[in-house]
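To keep things clear, I will list the structure first and then write my remarks on it.
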Amino acid sequence: MGPFGLGQARDRSVREDQSAHADDLRALSGGWFGAVGVRLALHCRVQEQSLGADGTLELCALGEMASIHSSPGGTKFGEDPELYDFARPPYPAALFDWLRDRAKLGPKSVCFEIGAGTGHASLPILDTPVLHLRAIEPDARLAEKLRRKAIGQDVANLATIVSRFEDDTLADDGYDFGFAAMSMHWLPRMKALTKARHALKPSRHFAMWWNVYHNSAAPDAFGQTTAHLFSGVEQDPNATDGRPAFALDVAARLGELRNAGFKDAEHALFEQQVTFSPESLSALYGTFSRVRMAPEETRDRLLSEAERIVRDQFGGSVTRTVSCSAFIGRKP
Numbered sequence: 511m512g513p514f515g516l517g518q519a520r521d522r523s524v525r526e527d528q529s530a531h532a533d534d535l536r537a538l539s540g541g542w543f544g545a546v547g548v549r550l551a552l553h554c555r556v557q558e559q560s561l562g563a564d565g566t567l568e569l570c571a572l573g574e575m576a577s578i579h580s581s582p583g584g585t586k587f588g589e590d591p592e593l594y595d596f597a598r599p600p601y602p603a604a605l606f607d608w609l610r611d612r613a614k615l616g617p618k619s620v621c622f623e624i625g626a627g628t629g630h631a632s633l634p635i636l637d638t639p640v641l642h643l644r645a646i647e648p649d650a651r652l653a654e655k656l657r658r659k660a661i662g663q664d665v666a667n668l669a670t671i672v673s674r675f676e677d678d679t680l681a682d683d684g685y686d687f688g689f690a691a692m693s694m695h696w697l698p699r700m701k702a703l704t705k706a707r708h709a710l711k712p713s714r715h716f717a718m719w720w721n722v723y724h725n726s727a728a729p730d731a732f733g734q735t736t737a738h739l740f741s742g743v744e745q746d747p748n749a750t751d752g753r754p755a756f757a758l759d760v761a762a763r764l765g766e767l768r769n770a771g772f773k774d775a776e777h778a779l780f781e782q783q784v785t786f787s788p789e790s791l792s793a794l795y796g797t798f799s800r801v802r803m804a805p806e807e808t809r810d811r812l813l814s815e816a817e818r819i820v821r822d823q824f825g826g827s828v829t830r831t832v833s834c835s836a837f838i839g840r841k842p
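As structure tokens, then:
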């Protein structure tokens, strides 16, 4: 799906049902460069009410790798919940500070989450603290991992619901805050955003965000070195026409929030420098749906070659800039 400006957003919403599942997968590469248990140096740059973007997201895949659409791709994350939970990167603390300030989160806040996964966003929101979180996750395997983590951390104010967001029965005007971390691209967004707005109390907020890792307009040394592995077949077409890609297409995402009835839509960009080892890189790549969909031989070759490049050409570790692109809007 190509990006669209604010003037195009209304036309796009009419086509949402037909096009959503064919194109929303392209945002998924956002989590590709973070690491668990590695050095993380964080700095923050905030852009609010911005209609531009300062980078593009490039989606990568091996030439032989299977192409998938969102429905089967969405089932791949739960095949190894332990790996997914270990390898997916944390979101920056500054993001949650920003959400706390914008949404006025506090001990009385009742919240819902779309696509909770294993809790990379759920648990930090609960730590705000908030009164209660309804975490909606369609994959029972990921939801069970989240439940176990919550029990291990003595979290009692979490309800994990195994359901598609489209099928979940959220009470209208019942919530103080709703959010979706790395999940809204799997859904028909205008329908999902409208449902989220209905679930909120008046003057309450909904937020969505994605981790993105690669600026195709100015690739770093590692991106250039691995271009033979990851460029081409599934590259985000937005990167080829001079437009910003999905998670960094600020005008498009703000336009969707506004067309769904939200006011005071804002964007913020948070950047963190992440250093990871060959093993942490391989673990992270191993969670991606396209990698998991590939034949085993192809998958093993990709992961082994990526590890080798980090080890042999980058001295055993490589540091990348990971951006978290976040959006928030208020129900009137």
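Numbering of the sequence shown is given in our numbering, commencing with residue 511 and proceeding in unit increments.
Backbone N, C-alpha and C define an ideal beta-carbon position, used for all residues, glycine too.
Cβ-heavy atom distance, residue i to the ligand FAD, below 7 Å
i: proline 617; result: Of ligands this structure carries none, so the ligand FAD is not represented either.
Straight-line gap, residue i to residue j (C-alpha atoms, nearest Å)
i: proline 639; j: alanine 761; result: 32 Å
i: glycine 588; j: alanine 631; result: 17 Å
i: histidine 738; j: threonine 585; result: 28 Å
i: glycine 825; j: serine 835; result: 30 Å
i: alanine 702; j: leucine 680; result: 12 Å
i: alanine 613; j: leucine 605; result: 12 Å
i: alanine 731; j: leucine 813; result: 18 Å
i: valine 801; j: leucine 794; result: 10 Å
i: glutamate 807; j: serine 792; result: 15 Å
i: arginine 644; j: proline 599; result: 22 Å
i: threonine 831; j: phenylalanine 786; result: 11 Å
i: serine 693; j: proline 617; result: 26 Å
i: glycine 629; j: glutamine 734; result: 33 Å
i: histidine 695; j: phenylalanine 756; result: 9 Å
i: arginine 699; j: aspartate 774; result: 18 Å
i: leucine 697; j: aspartate 759; result: 17 Å
i: leucine 596; j: proline 602; result: Looking at the sequence provided, one finds phenylalanine at residue 596 rather than leucine. About 16 Å.
i: aspartate 607; j: arginine 651; result: 30 Å
i: aspartate 664; j: serine 827; result: 35 Å
i: aspartate 804; j: leucine 710; result: Looking at the sequence shown, residue 804 is not aspartate but alanine. Roughly 40 Å between the two C-alpha positions.
i: serine 619; j: arginine 657; result: 21 Å
i: proline 729; j: phenylalanine 780; result: 18 Å
i: lysine 659; j: aspartate 637; result: 13 Å
i: methionine 575; j: glutamate 815; result: The predicted position of methionine 575 is uncertain, since its pLDDT is 32 and thus under 50; no value can be drawn from it.
i: proline 754; j: alanine 691; result: 20 Å
i: lysine 655; j: aspartate 611; result: 29 Å
Reduced DSSP secondary structure (H/G/I, E/B, other) of residue i
i: leucine 593; result: helix
i: tyrosine 723; result: coil
i: tyrosine 685; result: strand
i: arginine 598; result: coil
i: glutamine 663; result: coil
i: threonine 735; result: helix
i: proline 617; result: coil
i: aspartate 730; result: coil
i: glutamate 676; result: coil
i: alanine 755; result: coil
i: alanine 576; result: Confidence in alanine 576 is poor, its pLDDT being 35 and thus under 50, which makes the residue's placement too unreliable to answer from.
i: aspartate 822; result: helix
i: threonine 638; result: coil
i: lysine 586; result: coil
i: proline 788; result: helix
i: leucine 605; result: helix
i: leucine 697; result: coil
i: glycine 796; result: coil
i: alanine 762; result: helix
i: alanine 631; result: coil
Opposing strand residues paired with residue i [DSSP bridges]
i: leucine 668; result: Leu643
i: arginine 840; result: His715 and Lys773
i: glutamate 623; result: Ala645 and Phe689
i: leucine 710; result: Tyr685
Selected residue, minimal CA-CA separation from residue i, among the options
i: glycine 839; options: Gln734, Tyr795, Arg811 and Ser713; result: Ser713
i: leucine 593; options: Asp607, Gln663, Phe798 and Ser814; result: Phe798
i: leucine 668; options: Thr679, Phe772, Ala597 and His642; result: His642
i: leucine 767; options: Asp664, Lys618, Asp678 and Phe837; result: Phe837
i: serine 790; options: Arg763, His777 and Thr829; result: Thr829
i: aspartate 677; options: Ile624, Leu764, Ser827 and Ala757; result: Ile624
i: glutamate 817; options: Ser833, Met803, Thr831 and Gly796; result: Gly796
i: histidine 777; options: Arg657, Leu609 and Leu710; result: Leu609
i: aspartate 590; options: Ala603, Ser619, Val620 and Gly627; result: Gly627
i: glutamine 782; options: Ala650, Val722 and Arg658; result: Val722
i: isoleucine 661; options: Ala690, Phe596, Leu633 and Ala755; result: Leu633
i: proline 648; options: Ala666, Thr670, Ala757 and Val665; result: Thr670
i: serine 833; options: Asp637, Trp719 and Asp664; result: Trp719
i: threonine 736; options: Gln823, Arg657 and Pro754; result: Gln823
i: proline 842; options: Leu779, Ala706 and Ala691; result: Ala706
i: valine 784; options: His724, Ala691, Asp611 and Asp637; result: His724
Integer Cβ distance of residue i from residue j, believed to fall under 8 Å
i: alanine 770; j: threonine 704; result: 5 Å
i: phenylalanine 622; j: tyrosine 685; result: 5 Å
i: isoleucine 646; j: serine 673; result: 6 Å
i: histidine 715; j: aspartate 682; result: Incorrect: roughly 16 Å between the Cβ atoms, too far for contact.
i: leucine 615; j: phenylalanine 687; result: 6 Å
i: alanine 717; j: phenylalanine 689; result: 5 Å
i: proline 788; j: arginine 821; result: 5 Å
Interface flag, residue i vs chain D, CB-CB below 8 Å
i: histidine 715; result: This model lacks chain D altogether, as it is built from one protein chain only.
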